[in-house]
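> If you're matching positions, the sequence shown starts at 1 in full-length UniProt numbering and goes up one per residue. We put the beta carbon where it would ideally sit given N, CA and C, even for glycine. Remember, predicted model here, so these are calculated numbers, not experimental data. Before I ask anything, let me first share the structure, which is written out below as structure tokens.
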Amino acid sequence: MIRPEIIIAVKDVEKSSAWYQQLLGCESRHGGGTFEILADPEDDTVVLCLHRWGAHEHPTMLDPAPAAGNGLILFFRVTDLDAAWKKAQQLKAIVEEPPHINANSHRNEFSLRDPDGYYVSVTD
């Protein structure tokens, strides 16, 4: 089996970890201020990894000056979209698109920005 484990660079790993845990219901599997692994609590599948900008000299994570997430959409499927939407509202997330039916996929979804400006789409 092959599956990606996405790593994004963030300003504050702990803050971003808490944000994603609240939005998606995932859990910490690493923790700390430099690197975090977030996983699905049901089957321990890695959902997303967070890495502090500038730590460990990774060449694509050194400088946050270029727009974070340019050319990237973090796309998550959830089992309870209504619950995720309520959590997004509790987080006071910047909403790019409120819940709607996507004309292409015919699925319910919403899109918002995470604390670092990454574009996040959540769908059922």
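Can you name the residues that DSSP bridges to residue 38?
Answer is 28 and 48, bridged to residue 38.
> What is the rounded straight-line gap between the Cα of residue 84 and the Cα of residue 47?
Spanning the two alpha carbons is a distance of roughly 15 Å.
> Measuring CA to CA, which of 36, 5 and 7 is closest to residue 17?
That would be 36, whose Cα lies nearest to the Cα of residue 17.
> Looking only at its chain, what residues have a beta carbon closer than 8 Å to the beta carbon of residue 69, apart from the 5 residues adjacent to it on each side?
Only 8, 116, 117, 118 and 119 meet the Cβ criterion.
> Check the DSSP bridge columns for residue 79 and list the partner residues they point to.
Answer by DSSP bridge pairing: none, since residue 79 is not bridged.
> Below 7 Å CB to CB, which residues in the same chain sit around residue 103 once its five sequence neighbours on both sides are set aside?
Once the five neighbours on either side are set aside, residue 103 has no close Cβ partner at all.
> Assuming residue 108 is part of the beta strand (DSSP E), what are its boundary residues?
Start and end: 108-113.
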